[in-house]
Structures are given as structure tokens and as C-alpha cells.
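Chains D and V, in that order, give the protein sequences.
FYI, the numbering for the first sequence is 1 to 681, going by UniProt numbering.
FYI, the numbering for the second sequence is 1 to 681, going by UniProt numbering.
Even glycine gets a Cβ: it sits at the ideal position worked out from N, Cα and C.
Quick caveat, the model's predicted, so the values are computed rather than measured.
Structure record follows, encoded as C-alpha cells.
2 protein chains.
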Amino acid sequence: MGDMVTPLDRRVPHPLEQLSIGECNTARDVILSTHGVSVIDFRTINLEEPPKSLLQPFLDLEAEGRIPKPDAYPPRLARVAYDVISENKVFEFYESVVELVTGAVKVKELIDASHQAPLVIREFDHLVEAVWASKTFQDAMAEFSIPDGFEVIVEPWPYGGRDPDDEDKRYFQGLCFAQDKRSGNPDSNFYAYPLPLIPVMDARTKEIVRIDRLGTGGKQDGLAKGTHNKEIIKHCKGAEYVPELLENGSRKDLKPLDVIQPDGPSFTVTDESLVEWQKWRFRVGFNPREGATIHDVRYEGRSIVYRMAISEMTVPYADARAPFHRKQAFDFGDGGAGTCANNLQLGCDCLGHIKYFDSVNVAADGTATEQPNIVCLHEQDNGIGWKHTNWRTGRAVVTRHRELVVQFIITLANYEYIFAYKFDQAGGIVVETRATGIVSVVNIDEGKTSMYGNVVSPGAMAQNHQHIFAVRVDPAIDGPNNTIVLEESHPVPTSSDRNPAGNLYEVRQTPIKESGGHDAAPEHNRIVRIMNPNKTNPISGKPVSYKFKPPPTQKLLAQPGSIQARRATFTQHHVWVTKYKDNELYAGGRYTLQSRDEVDGVADAAKRAENVENTDVVLWSVFGLTHNPRVEDWPVMPVEIYQLHFSPGDFFTANPAIDVPSQRNLSSTLHQKKKGNCCAK
Amino acid sequence: MGDMVTPLDRRVPHPLEQLSIGECNTARDVILSTHGVSVIDFRTINLEEPPKSLLQPFLDLEAEGRIPKPDAYPPRLARVAYDVISENKVFEFYESVVELVTGAVKVKELIDASHQAPLVIREFDHLVEAVWASKTFQDAMAEFSIPDGFEVIVEPWPYGGRDPDDEDKRYFQGLCFAQDKRSGNPDSNFYAYPLPLIPVMDARTKEIVRIDRLGTGGKQDGLAKGTHNKEIIKHCKGAEYVPELLENGSRKDLKPLDVIQPDGPSFTVTDESLVEWQKWRFRVGFNPREGATIHDVRYEGRSIVYRMAISEMTVPYADARAPFHRKQAFDFGDGGAGTCANNLQLGCDCLGHIKYFDSVNVAADGTATEQPNIVCLHEQDNGIGWKHTNWRTGRAVVTRHRELVVQFIITLANYEYIFAYKFDQAGGIVVETRATGIVSVVNIDEGKTSMYGNVVSPGAMAQNHQHIFAVRVDPAIDGPNNTIVLEESHPVPTSSDRNPAGNLYEVRQTPIKESGGHDAAPEHNRIVRIMNPNKTNPISGKPVSYKFKPPPTQKLLAQPGSIQARRATFTQHHVWVTKYKDNELYAGGRYTLQSRDEVDGVADAAKRAENVENTDVVLWSVFGLTHNPRVEDWPVMPVEIYQLHFSPGDFFTANPAIDVPSQRNLSSTLHQKKKGNCCAK
């Protein structure tokens, strides 16, 4: 025990704590000095998580209540992504890893020019500036008459998948709208007035190289461009969502609903990363790409998950008219979900007692500043947790289903996603996504309807599209060596010796032996069981496990071989199982911006055909929604909710929520009591 | 307007209001006088809803704010179910309909003896009495040694499906357990000590006619009975759930979470059936069979649903050993979900400001008494409703997703279901079921495991089973004449003239022309759209509709032709579409108790092969869970949640929740603020 110190002696950050502002600045200085006189354009600086071979033993020790001495910690590393710009304006994109204590550069990787670095928001500003400076754009806009009081707005977007004959340029595109400025309100909803032009910028020269003209036609026009009226937004109609611009204001009859926690929360947060709640213990991380990440999830000290994060999401659009085939965002790989995370607001984004986590932003010169409130943590009530009434005695025992929620929200131009990791008292973990925000619309000629989407507002057609998410779970069911088992329920033929009355069905288990992709099969009640084959549940005699039912959502609809499909091979299966490898985190590949193919994504990882039985496996869940917009999605879409449920399957020796208190909540009130207290027990 | 009165003048109950105690007693008196000197054993008395031809015009008038004069109301009717017992002990089961004002018997239907009346709880008491009086049972029990301090408990169950050679007797069966009485606590969990005997009672003679011996074997025993040790529960172990019996008591670290509505609720309830909330307006009914029913759902006066209820649920068990093939409950048809509804408790079954609805119970002599608090109504917060941040200005507008919940809970021996109808501000309706309670267990020899289920506690094996629900929705999308359309999204082959880049997919709609059954097809993103083809959305130019995605859950696994399958043909499809017919409410047929076949269920209704296009259609959604129990389901199972989501699809002209206020909730509190107020807007 000579190498141990007590927690109070800790002088160094936990290996999973985000980098401090000071650490980021140290990393910047190391990189600046390494590259000498060149101009460095910093993109991101964030914690490089320690390799599992170092972190896992550390976490296991820690879980036993033993913290290594500071010099036994894994080296503290920073990953720095940046462009090196030479005097002749050649851009080289690097990812380097800096050891913060020694200042050593452990990795200095020049990224192949066939890949594009993930975008940073300031590149969007460059696009807007370039558009305003562009004579080509002005000429194109002159084809249209924009009414008095309206101003053109350029909405920067990633360029999407390059066509086969596109050069290896770094491009950005702008979707254009007109904003009604007559109210003087800067938040008047410009999406209601789409303009059929897309300027394309070369990010290196910051020049508009092309203006794409968009179709405005309807069903009758097929791939043709449609009318392109000069009075292009005359038939459009305002659609406001900020309350002060609503025609009739906000509704007045919604009474307040307050969540009060008079004794404070049931959770504790230490280290700014360690969360403890109701026998759960885990760490919250955050990085520019994945947003919030969850680490080292344990329940009563037993490990369940090593690391969990939203890995990728692709949003391909189905409008067949060029250049809309390029409209395909990778909302994690293209620019980073963490980069786009909202500054969350007390009393708006959640109710009750809220803990906020902060992160760090990096400017082009590498200077770090605080990115506040990008993750929130709170408890919530989700109805009844379990109930039983003994009908003989009339005694009812009922508990509430309390959840602990780690939430972050990202805004990507018009659209938002709300992501949540929820933990409950019955050992369940839910990964939730809510899609909201403003659907992407294009101009459509007056009176026409489209086979490519739905007219959601006069002159505004919302294009059909899909959202396909990948969640990466690195499980650790009582340790790293796990086996993924597909379990199904199947009918059994009637026979006198096995199934005389025809009511038997059998549960079949198939362990996955080799890395690969698998699909949901709800018709067989297919369940994915993450099993530790080395540990037996003492009650059932079966291996301990966690399980989830893969959502059988529609897979990518784009044609095999199309650019959309080639960029997102992770969408080919609902479930992927791979062998753990450090830094293999991204389902759609490390670099998605302008990609033509998914490179080093989960499909490539699976192709290694490694043994995944009773070893350190990684599970990837792919699910999504085919979103054919409805008028009710306008002007801001009500949340569309998808959930992934992980629950214990013979992991515990009983319902872990059985000791949740069942006392009556005394703050509830009774409506219009008509007679004596009929609700007393 | 001479035939109109104002609401304040109303002197008669609304046609959808439940019968009062007085009305029930009137109906009883009419029946008693009709049948003269015979002994009448009353089962249920409840409102007979008016035929649609009378009720629909009434509701439409009412929605316009015009209430007919009392004498223009549909006749007020009571349905009375009862046995007529002749002097020679012949039981005849009747369902009669009484006109309450005139006392006329409108219908007097002697039910064919091939059907069994739904059970009433007092028949369970008869079983328990018969078991205690039975020498056969005492002899059978003498085979076992029950430890000191334990007492035998008989848990009455419906008999299940009759075998082909069973007579047309009315049977009940008892599952037997031993209760540890040493604590003196009457709620000690006896399910932990299952006994392998099932006494069967003839309900007419009230005698035990047979004792079925249950298998206690494991995998190695197949259909054989197993060991049947004399010390039958010696290897079992207590599993308590009432807090005072928990070994370590309830957990202490869960802090209170209160829902406070300082200005009261946002809903109003009048008539004891009319609910108005956030532009919604509907009526809550309740009957012994379906529990809570929802009627005449309108949003801003526009009709959406005429009637909605949980129609049936079947729970077939998959243990191949006789007599377990008979273990198949129909939890609505067999005894009535309303009959088994819990008396809900303030501060336990929901939080916040709660309105309770009562109903009426009828004793064997027909006397009606209050059945209090069987439905509750409250508002709840379900996270973010919609959000958009203008990243240019930083302005975020975020609203909460407030829901109005109508909830009822039923206890069926060991098991409970929580049913909820939820309405939201975005025009959505969710039907939710939560399965909880105690899983059904049988004795298993020490150290064995089973192919029929999972050992969840020493000596207690929880059998594999399914829960298959049917929800009946009688839609009225802007009126009764609707068309059900199946909508799918399909890939389109690449071609230069239609899909040059391969990203196009097409949305196909297939109207259902004839009544029949259909299945979920998540691989095609199959959506069921309930359309009013006579009304066009002015924005999209498409017919107004509501839609839902049928959950693609596993269908019945029992073999075609087996008794389990024949009794539940409604489980053959996820979606049924039928032509409306008065009183055609029950997916599994009118009489399910001891049924051999589904008679007059939804499959028979569909077989009429009627036109269902642009007419008064009814939609049935069938979904469920294959429940292969896990150790964590013991001793009381955490809720397993299933939801059916109905949402508007071009029904409105914009997101109906766009005017929900976005102001900050001032009661939320901040955790461990480290520095200045970083969360101010």
C-alpha cells in the first residue's frame, strides 16, 4: 500500500477529467514551439483519453477505494487538431498528442490530404463574408426581386459528399433565405423564405467558386428546375416562433408546474466529473466531437460500461435534384457535436435541481476559454417504478421511477438534437435522442406539391430525409471480457413428446464469435445480450448480462454504391460487434467532412474478422427515423423521441429497485374533493 | 333554436356519464321484477352507451355549444349482466338492457351456454372456500410437509382455455403457495413459496372436482413431473417487497422530488366526465370490462377520436407441461379490467395536482356502491417540447412538453398493469401500458434450471409468457368518414431520369379498401395514416390525417391450431381495420372466459370483408411483449413500458404547440455554483 494516497491527497486531475484552460494553453504552447515559425490555425484541443491498458487498472483500483499516487497516474495527454499554413498558403492538417507534464509531443500526425479536417464554426463566418464579397453571388441574386424590408441570410452548411469528379478542395456551401426585418426583431424566422441559390466557397481561397441553382418545381417538373419566378418569395408566408412575434402571443392557460427538491438532489458530483447517485457511480466526460461521454459506469462497485457515447449521426436528404444529393450531414464527424453544444439555461432545459458541467473552447490562436453549461445533470420522476397490491389485504406498495439524466443539446444551423443518458434505480440505462428545431426547407413554386417532400408553409417544401444515429457502447459487464449473444424466441412444432398443446416456445441463444454486423429481428423478439461468460448469477445459474432490444428502424434508403451510401456504411446494420481498439470511436469514420467513403468506421473495424467471444468487445447500435415532414413540424418541430434501453438480465440477484422507498408524496394536492377523504389508505 | 337549453339548464346526465348509484339500483329493480321469483345473481350493471346514430349527432351539436333539451337526449340505458338461478340449480346467464327513465327492458338476451359469463371477484372467494372444505385437497397437501409457521394460500385464477374434451362446465383453478406467517405481517410475499398443486372447482356445485399435480422438474426432466419432494419449499427463500419486511429496510439516500402546481391545474373537469385542457376536450368513461374509456376527443372543436379503449390483452404461458397450456389469461374479457381497478392513492400513483374519478360496484344482490378513485387525471412534465436556438443571435426558445394523463391501474392476482392515455400540446395522443407486479412462478426442484422459464428465486421458476394487447381506436378525423392508408418509404433504383445520384426514396400510400388484418413493417417505415379524404390541409394540399407507427412486436408464438392460438386470433396481425358496428368493442370476442375459440372478435369482424374506404372505420392496434423473466423481475418487476403514439399528420396548419409559453421556470435551483451567474441568459 506504499504507492497509495487517500483521495484528499490528490494533486493531479483524474485521468478522465477534461483539460483545464491552463492545460489547453500548455498544449497550444507546445504545438506552437514544435512547428516553429509557421502559422498555426488551431481547431480543437481536448483530453486524449489514456489507453485502456493504463486506464482500466487505474479505474479498477479506484473502484476499490485505492487511488494511486500522482506519479502512478496515466500520463496526462492533450490531443490538438490544427492546420499548419505555410507561406505559400499550403494548408497541412495535423493531429498531435502532447504530454502535458513533460511537454513532449508523443504523436505528430500529418493527416492525408484526401481527408478534410472537421469544420470549426469560424469557417462558417468565412463563408458568409465570402458570399457578401462575391460579385457572382450579387449577380445571381439580381435574378430575384426581394421585397422591401427583407434581407438575404446565408446559412452555412458542410458541403456534403463530394461528387466523383469533384477535386480534393475544401468547400462550404450556403443555403440562402430572406429575413423579414420589418419587425426589427433579429430572430424573425428567415427559414420561411427560402431562396433557390447555393453559393459554394473554396475554404482555402475564401472565394465563391460557384452558385448552384436549385429546383423550385413540383411533381410535374421531375428533375427540372421549375419556374424560378423573379418574385421568388412573394408566395411565401411568415412563420414565427419567438413568442413576441406570434400573431396571438403565447397561450395564457398553462399553469406553472414546478419541480421542487426541498432537501436538495440525491446525487453528488466530485472532481467535476465523478457522479454518484443511488448506487450508481460514473464519470462524465465531454469532447468537441461526441459531446458528453459516460465512463466507468458501476453499480454497487460492479462495472457495467467502460465508455458510452453517441458516435455518429448521418442525415441524408432524398431530393433527387442536384445538388441536393450532396445534402448529407454527419453531425458528429463534420463539425463536432461538442462544438455545437448549447449553453443550457436554468429552468428552461430541465426542471428541478440542476448541476451544470462546463467545457473549454479554443480560438484560432489556440487560446482556451470556458464553454459554460454544456451538459446538465438532474433527477426526474418518470411515473410508477413498480407496484403490487395484495388484493386480499388491500395493501398497495408503489414506488416512483426516479431517473438521473445527463443531457446535452446541439444546434446545427436549423436543427437541434437533445441527447440524454438516463440511469434508473432498477439498473436500467437509457440513451435518448430528441429531434427538434426547424426542418430544412427549399423554395417551391406556388400551388405545386413535390414527390421529394411536403409543403409545410406556402412556398416552403421540407425535403424527405433520414436521421441515422450510431451509439457506441464499450461494455464491461463485471469486467472487460464479455460475449455478445443474440437471443430469440421461436415457436416449437406441436409434438406429443415436446409440445403436446402447442403452447411452448423456445429461447435460442447464439453467441457472436467474430466481429461483424447484425440486424434487428422484432419478429423473433431478438435481444442483444452482453454477457460475462465467466460469471454466473447465483439465482438463475446463467451468466450475468445486460441486454437491449435493437430498435428495428429503417436503414439507409439511398442506393448501394451511391455517394450517400458509401459515406455511411455504418448504416447497413442495426448492431455491430467489434474487438476493442484504442481510439476506435467513430462509426462513420474519423473524417466525414466531404468524405466519399466511410474510412476506418465501424464497418472497417468489423472487417478485421477478429474473435469477439469472451474478450474486450465493443457494441454499436444503429437506429434512426425516416422523416417525411408534416405540416405540424413547422415552424419548429415537436420533439421526436427515440430511446435505447439497456437493462440488467440476471446481472443482479433481485430487482435492484426493491428498496426504493414507497412513502406517499405529501406535496400532491387533490382536485375538487366531493366528499370525505376517499383517498386515505 | 327552440329545442335548445343552455348548459346550466341541464337536468339529465350527459349520455356518456357513468350510471349513478341510483340508476344502477333502478336497473336492478327492473331486472328483479322482470324475472319474477327466480334467484338473480347480479354480475355487473353499467352504462349502455347510446348507439352511434344517436350519440354522434348529439356530440356534434354539443361541440357547437348547443345542448339539446333533456327530452332530446338519447335514451339513458343500463346494461345488466346476471345469472338467473332456477330452483333446480340451473344457471342461465343473461345480458339485458334497461331503459332507465321508462323502466322498459329493451334487450333481454339469454347467452348461449357455450359461453361463460366474465367472472366476478366473489367467485374467487368461492374457490378459496371450496378448497378449504375439500378432503381431496387436504389429502393432496398431505403429500407435502409445510414448515411450522407457514400457511397455505390459494390464489384463484380463471381456468384458461378448455381442452377439447372438457365439458361445458364453469371451472376455476387455484394456484397454491405457502406464506411465512412468522413475522405476523399479512403481506409477507407468499409467491416465493410455490406449491405444485392446482385444485379445480366446479363453480356451480362449488366443489373441488380435481387436483392437478404440477411438474417441478428441470431441463433434464422434459415433460415429466420432476422430484416432487415432500419438503417441497425447503429450498425456497423468502423474497419480501413490503418495506417493513426488507432485510435492510428502504434506502435512505433518495431525497424528495415534489411536483407543485401553485396556481392549480391547467385542466377543468365538469359533469364528472368532461375534461378540457390546452385546446383538447374529451370525455372519460369507465366500465367494468375496459376500465377507463376516452370519448369524443376534439382539438379546438375539431373531432379526432370518437372512442378509444384498451380492448383486450391475452397472456399465454409457454410451459409445455400440462396443465400449464391452460394458463392463458384474457385480462379484459375474463373478469374485466374495470372490475380489477385499483383505488388510487394521492401522492403514490401520480404526483402534482390530481383529479380522481369514481365508479360504481354492484354486489350479488344488485346493490350498487361507490368504487372510488379508479381513474386519475393529472398533468406532468415530459422534458423539452420543442427548441430552437438562432446561433447568430444566441437566442434560444425552448418549451416544455406538458402532458395530460388519464391513468388507471389493475391488479390481477400477482400482476399489475398501469394504463395511461396521454395528451400533449403538439396534438399527440399516447396510449401507454406499464407491466409490473409479481411474475407468475412455479416450484422447481433444487439446483435445476428450466427450458420453460428462469429461476428467479431459489425453488421458484418464472415461466416464459407473452402479453399481447389490443387497443381499439374509433377515429373521427374531422368526422366519421375516414380511410386508413398504409404508407411506406421505399428505395428507388438509380436512373438518370429519376434518381441520378441514388439518394431518392419514394413514399408510397396504399389505402385499405376492405376490412382485414395488416402487419407492422419497420423495414419499410410503415405508417398507418387515418385520413379524412374529404378534407384537404390548406398548406400541404394533402388530406388531413392522424398517423401512428404500429409497434413491430412479436406476435403470438403458440402453434396455429393450438387452443391458445384459437382463443386469440386477434394476435395474428398488428393492425386490424373494420367497419364500425355498435357494440363491437372486444378484440378477443365478447366472452373469453374458458373460451375455445375467439368468437365475434376482431378477426370475425374483419371477415365481413366490408368496404372501409371513406366510411366509419375502426382501427385496432395489437402489440405486446415476449416476457422471458429475468432475476431482476423478482420479487416485484420494474415497469416494462410500451407506448402507442398517435400524432397529427397534416391535420393542423402548423405545430399546434408553437404558442406554448417559453418562459423560464423560476423554481429550478442551481447545484454548486462555482463562479458568477454563468447561466443567465
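Contacting residues, own chain, Cβ-Cβ under 7 Å from residue i (five flanking each side not counted)
i               : result
E300 of chain V : K279
L59 of chain V  : D296
H467 of chain D : M313, V315, A435, G624, L625 and H627
D9 of chain V   : Low per-residue confidence applies at D9 of chain V: pLDDT is 42, beneath 50, and the placement is therefore not dependable enough to give any value.
V30 of chain D  : V98, G103 and V105
Residue interval of the alpha helix (DSSP H) (run including residue i)
i               : result
P13 of chain V  : Where P13 of chain V is concerned, there is no enclosing alpha helix (DSSP H), given that its DSSP letter is neither H nor E.
R122 of chain D : I121 to W132
Q564 of chain D : I563 to R567
G22 of chain V  : I21 to T34
N-terminal and C-terminal residue of the beta strand (DSSP E) that residue i is part of
i               : result
M313 of chain D : R302 to P316
G453 of chain V : G453 to S457
T44 of chain D  : V39 to E48
R472 of chain V : H465 to P475
S515 of chain V : Note, S515 of chain V: premise wrong, no beta strand (DSSP E); not H, not E.
L585 of chain V : L585 of chain V -> no beta strand (DSSP E), and no H or E assigned at all.
E99 of chain D  : F91 to E99
G649 of chain V : M637 to G649
Which residues DSSP lists as bridging residue i, in chain order
i               : result
N287 of chain V : V:G291
N481 of chain D : D:D616
S489 of chain D : D:V507
H115 of chain V : BP columns for H115 of chain V are empty, so no partner.
P543 of chain D : D:T536
D381 of chain D : D:R402
Closest Cα partner of residue i within the set the options
i               : options                           : result
P156 of chain D : D:P164, D:R630, D:M141 and D:E129 : D:E129
E506 of chain D : V:S33, V:Y546, V:S450 and V:P70   : V:S450
V242 of chain D : D:Q672, D:V636 and D:V660         : D:V636
V275 of chain V : V:V405, V:F42 and V:W576          : V:V405
Q371 of chain V : V:F408, V:R400, V:T399 and V:R392 : V:F408
P199 of chain D : D:S134, D:H235 and D:L246         : D:S134
V528 of chain D : D:Q564, D:N534, D:V575 and D:E610 : D:V575
L119 of chain V : V:D519, V:S273, V:C340 and V:I233 : V:C340
R43 of chain V  : V:E514, V:G366, V:V631 and V:V455 : V:G366
K422 of chain D : D:H645, D:D163, D:R321 and D:R170 : D:H645
P70 of chain V  : V:A140, V:P15, V:T26 and V:S38    : V:P15
R395 of chain V : D:G383, D:L344, D:E379 and D:T369 : D:L344
R664 of chain D : V:S647, V:K255 and V:L197         : V:K255
S515 of chain D : D:A606, D:G601 and D:P500         : D:A606
D659 of chain V : D:D497, D:W277 and D:E247         : D:E247
T389 of chain V : D:S53, D:L110, D:V37 and D:D187   : D:D187
Beta-carbon proximity list for residue i, same chain, < 6 Å, skipping 5 on both sides
i               : result
A309 of chain V : E290, T293 and R472
I146 of chain D : A178
L127 of chain D : P156, F172, G174 and M201
T483 of chain D : P511, M531, P533, E613 and N614
V631 of chain D : V456
M1 of chain V   : Annotation note: pLDDT 34 at M1 of chain V (below 50); position unreliable, coordinate value reported separately. Here the set comprises nothing.
K555 of chain V : T571
With 9 Å as the limit, tell me which residues of the region 248-277 of chain V have their beta carbon closer than that to any beta carbon of chain D; keep them in chain order.
N248, G249, S250, R251, K252, D253, L254, K255, P256, L257, D258, V259, I260, Q261, P262, D263, G264, P265, S266, F267, V269, E272 and W277
Tell me which residues of the region 622-641 of chain D have at least one Cβ-Cβ distance to chain V shorter than 7 Å, keeping chain order.
T626, N628, R630, V631, E632, D633, W634, P635, V636, M637, P638 and V639
Please list, in chain order, the residues of the region 448-462 of chain D that have any C-beta partner in chain V closer than 8 Å.
T449, M451, Y452, N454, V455, V456, S457 and P458
Between the region 377-388 of chain D and chain V, which residues of the former have a C-beta closer than 8 Å to a C-beta of the latter?
L377, E379, Q380, D381, G383, I384, G385, W386, K387 and H388
Give, in chain order, every residue of the region 496-507 of chain V whose Cβ lies closer than 8 Å to some Cβ of chain D.
D497, R498, N499, P500, A501, G502, N503, L504, Y505, E506 and V507
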